[in-house]
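One structure is given here, and the rest of the page talks about it.
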Amino acid sequence: MHSNRWLKPGLMSLAGVAAILCLPGCPPRGVTPANDNEGGTGRPIPIRLAVAAETFTLTEPGQAVQLTVESVSSDGSRNDVTDAASGTTYHTTSEGVVTVSDDGLVTAAGEGQTTVLVVNAGLSARRRVTVDFADDAVVRLEVAPATVTFTDPDDTVQLAVTGVRNDGGSENLTSAAAGTTYQSSSTSVVTVSNGGLLRPVADGVAEVVVRNANLAFTVDVTVRFGDAPPPGSRLIALSVTPAQFTFTATGQTQQLEVLGTFEFEDAGGQTQRVTVDVTSPADGTTYRSSAPGVATVDVRGLVAVALTTGAGSAVITVENDGVQATARVTVSIPPNNGGGGGGGGGGGGGGGEDILLGWSLRPLPDPRNSHAMAYDAARRQTVLFGGYGTRILGGTWTWDGSGDWRLAQDEGRLDAPSPRYSHAMAYDSVREVVVLFGGTNGTTRNGETWEWNGAAWIQRIVDSPGEVSSHAMAYDAGRGVTVLFGGSDSDNNLRGQTWEWDGASWSRRDDKGEGPAPRIQSAMTYDAAAGMVILFGGDTETEFAQGEGGGDEGVLNDTWGWDGQTWTLLDDGQSKDAPSPRKGHSLCYDAELERVILHGGGNGESDTRTWQWDGTSWQPLIGPTPGARTSTAMVYDASRRTAVLFGGFDGDDDGEVWELASGRWSLRTDSIRPTPRHLHAMTFDAVRGRTVLFGGSDGEPDGETWEYDGRLWALRSVGGPSPRVSSAMTFDTSRQACVLVGGQNNILEGDAWTWNGARWTQLPAAGPSGRHGHALAYDAARDEIVLFGGYDGQYDGETWVLRGDQWTLVSTTGPVPRIKHAMVYDAERARVVLYGGFNGRDLGDTWIWDGQSWTEVAVAGPPVRSGHSLVYDSVRRVSLAFGGRTLGVPSNQTWMWNGQAWTAFSFTGPSGRYDHGFAYDVFRATGVLFGGFNGPVLDDTWEVTGPR
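Encoded structure:
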């Protein structure tokens, strides 16, 4: 598999002593325990970790720092525990900034700041790392071609190496004189010259590693001179060797071999068959793992263990031309006792805050129009405020291009602008603030001036241009002022005034009254190449509902420029090449293209095209676009060289984020998400990497199927199981499908269904009686689905298992009958865990199912509760419980079960709730929570995760 990765260059020398960080159970800093000898034997005990150094900065891609770690004992002695063999583990909160090896080598990966956590025997320390590259630094290599297949021994291929700089530029690094080296992993398969020329030698697969300074790129090479399927042949079967295998230690791998059987007709018309090796991806063969958290597989069929300890299984699916075959891998790795730690444990299976889990809200701004945005260059993020949707909106949102919106400040605050629409915003790069002016709440306009500094809004109490809305604003970077034009005042009069804000006061600049006609819903931006503010279009008639439009007869398509002294008509719009007259459009300046970009707006009908202004004329941009919309907002993200467009009105209010880079639009997010609901079912599809949600209610039972990929929700199906609440769902690795059982609408359902990502299929087998409020878990060690409890006219205490299509009642003893309990499979200990529930009163007991019988674990744990949820975190090897109802009160607690004890986390997260959905995304090592009930029915998406 070709990749672009950092190498491990010479190490930077570090000096200094670490700050001391204690976990629960450690004495506070500076406090000596009453007895600092273990058990009174006089033997010193470890009390803290010392890590060199306090903080450090990496300034080059691939630059590395070797941490040194000492365990400091109660008698002052020190023991080097740097390497993994000493039980020390290293974690980073952002692998996009730095990576950390098993032995503590910290390597720069990308710009930013992150924390490195060091853990040993229940002790931990944290170090802050900053990565800051120079603008002209080469930050990655690009090599073309990235994959090569040779079928002719006389062929050669010349690699081309490009170094991409931090400032977006590039340089040719192909030659050895540029410091580039090439190395073949197998010269018996392919050789490579000092200048990057590839020559095939014999059949096989090899990698050619291209290096320059601390950077590397791997090119995958396949050489196949021998057997190939005859022309016109048809693949009829695949076989995989080995079909079953087991990993018993970390670091183990297994290369799969795939043979394809092809059928063809010979010259005599007779059907013949031939078997050909099709292992290589060049043959069209693909591989996927049903459980990447257990075992991964790369594009060449190399399977690698992913677990560091514990048990589990995965199915490797091999596919070529629609034909599939599978191999099954079992993982059984004994626990690593070197990490020690008493009580609740330390390290990955530990029992406290050292796990470093944290909740984060995955919010989405409501769909809206008539909002305003500005790009905050100091903080490298787009700022969004206000707009009109199902209501008049407030709140401040930020978008940094990572794929997630962040709610920087909720609406309804007295120290922030009130909810409004048809206002305007611009970024003042000298004072590093976003300036907001004007707007309306549908009843009154205002003339307030506000500034956003990245943390808070500050109102500037100054004389203003008056109460105005539907005006245009842009920051003139050449002169350091914010320019305002047009709008509609409190008497519904259109304005043609030009005002400027210098950070201290507003001043009117068009005393001569010359320039564009008074108008509303025009758009402006600063053209850095021309050194002037550009204005386009707008409406010269009075407003309409939602404020700020009017009829279509006075809509314009003229282009004006403001140089700080005078307005100049640059294009009167009469040319056939000019954009059509419009209002409600948006403009931004693309610094990379040196063009003004226009999108959206309309005049009765919206324009689907994107336009660009080169300083003299308009031209349409070729290619797909975000489509027609009005009252949208668009800014240019200079750090990513990308235009960002959000929202607008296209028949409905829109919540999409589109980005334009190098002349091409791409959809980044959509505001679509499930409606508010509770009593729904959720699980994670480990084949396709999607969280799956079914059913639930916000007054009426629902039958929708939704999927979440970690970024977007998508409505997948409205067919299949009938609408219902309180069903249960789990993912069956063997079936490679989600399995849903039971639930309630007007009747108690007893059916079972599978979801394969495309369709629902009902299972034919008869099983448990119709019920709701039960729980399911897939037992990977025994390859069966376990069902417990529920309500079928009375509280139920049966245990059923589903093997294949056969249901079996295996136990009627164990936990007392109940509903609204939570259950999950603990892969580390190969057991099903059950906690809590309700049978007339809330319950707080913990039970373990070993495949034969239930055993109650008598431990202190969370308070009694029902309607909560449990997931298994396969990276940290613990079960996580959230929420529920305790004696009628919604809970917001997060608890962890490590197989021996429950531990509460103190961090904040979702509001208290019950009857929500919770699933664990093994692809991203993240728990995903949606919805629930705490008075209102909820529709928020939350994630809980931590360093791997």
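If you count the sequence shown from 1, position 181 lands on 245 in the working numbering, and the numbers rise without skipping. Think of the CB as a built atom: it goes at the ideal place given N, C-alpha and C, for glycine as much as any other residue. Being a predicted model, the structure only gives us computed values, none of them experimental.
Which residue from the options puts its Cα closest to that of residue i?
i: residue 640; options: 239, 657, 621; result: 621
i: residue 768; options: 741, 274, 794; result: 741
i: residue 726; options: 189, 661, 585; result: 661
i: residue 903; options: 837, 961, 849, 863; result: 837
i: residue 424; options: 845, 972, 544; result: 972
i: residue 754; options: 921, 164, 986, 385; result: 986
i: residue 748; options: 860, 819, 502; result: 819
i: residue 337; options: 516, 328, 450, 345; result: 328
i: residue 300; options: 436, 386, 619, 256; result: 386
i: residue 561; options: 579, 111, 389; result: 579
i: residue 210; options: 260, 500, 926; result: 260
i: residue 307; options: 142, 341, 379, 774; result: 379
i: residue 1039; options: 942, 309, 509, 139; result: As shown, the chain starts at 65 and ends at 1012. That puts residue 1039 outside it, with no answer to give.
i: residue 201; options: 179, 175, 187, 184; result: 175
i: residue 774; options: 169, 302, 990, 153; result: 990
i: residue 582; options: 496, 534, 907; result: 534
i: residue 303; options: 326, 422, 282, 142; result: 326
i: residue 928; options: 893, 896, 884, 189; result: 884
i: residue 628; options: 603, 322, 597, 605; result: 597
i: residue 313; options: 714, 354, 395, 709; result: 395
i: residue 141; options: 131, 148, 129, 114; result: 114
i: residue 1022; options: 461, 466, 488, 506; result: An answer regarding residue 1022 cannot be provided, because it is not within the stretch 65 to 1012 covered by the chain.
i: residue 677; options: 710, 669, 671, 642; result: 642
i: residue 111; options: 827, 155, 135; result: 135
i: residue 659; options: 715, 714, 724; result: 724
The beta strand (DSSP E) spanning residue i covers which residue range?
i: residue 647; result: 647-654
i: residue 848; result: 848-852
i: residue 673; result: Here residue 673 belongs to no beta strand (DSSP E), and DSSP marks it neither H nor E.
i: residue 662; result: 659-667
i: residue 155; result: 153-156
i: residue 983; result: 981-985
i: residue 638; result: No beta strand (DSSP E) contains residue 638, which DSSP labels as neither H nor E.
i: residue 114; result: 110-116
i: residue 308; result: 308-311
i: residue 839; result: 839-843
i: residue 997; result: 990-997
Buried or exposed: residue i, going by 16 or more other Cβ atoms within 10 Å of its Cβ?
i: residue 208; result: exposed
i: residue 701; result: buried
i: residue 771; result: buried
i: residue 28; result: This structure gives no information on residue 28, because the portion of the chain shown stretches from 65 to 1012.
i: residue 995; result: buried
i: residue 81; result: Residue placement at residue 81 is flagged as unreliable, the pLDDT there being 27, under the threshold of 50; a coordinate-derived value is accordingly withheld.
i: residue 763; result: exposed
i: residue 365; result: buried
i: residue 979; result: buried
i: residue 829; result: exposed
i: residue 103; result: The predicted position of residue 103 is uncertain, since its pLDDT is 38 and thus under 50; a value taken from the coordinates is nonetheless stated next. By the neighbour-count rule (16 or more Cβ atoms within 10 Å), residue 103 is not buried but exposed.
i: residue 992; result: buried
i: residue 398; result: exposed
i: residue 510; result: buried
i: residue 558; result: buried
i: residue 810; result: exposed
i: residue 800; result: buried
i: residue 780; result: buried
Determine whether the Cβ of residue i lies closer than 8 Å to any Cβ atom of chain C.
i: residue 658; result: In summary, chain C is missing from the structure at hand, where a single protein chain is found.
Any 3 or more C-beta pairs closer than 8 Å across the stretch 562-579 and the stretch 587-594: no
Length at least 3, wholly inside the stretch 933-966: the beta strand (DSSP E) runs in chain order: 933-937, 942-946, 958-961
The stretch 801-815 in contact with the stretch 830-848 per 3-pair CB rule at 8 Å: yes
Contact the stretch 235-254 vs the stretch 271-289: 3+ CB pairs below 8 Å: yes
Those runs of the alpha helix (DSSP H) which lie wholly inside the stretch 429-457 and span at least 4 residues: none
Ordered list of beta strand (DSSP E) runs contained in the stretch 230-257, each at least 3 residues: 234-236, 244-248, 254-256
The stretch 685-698 in contact with the stretch 428-436 per 3-pair CB rule at 8 Å: yes
Inter-stretch contact at 8 Å, needing at least 3 Cβ pairs: the stretch 509-520 / the stretch 477-487: yes
Given 8 Å, three or more beta-carbon pairs between the stretch 279-298 and the stretch 343-351: yes
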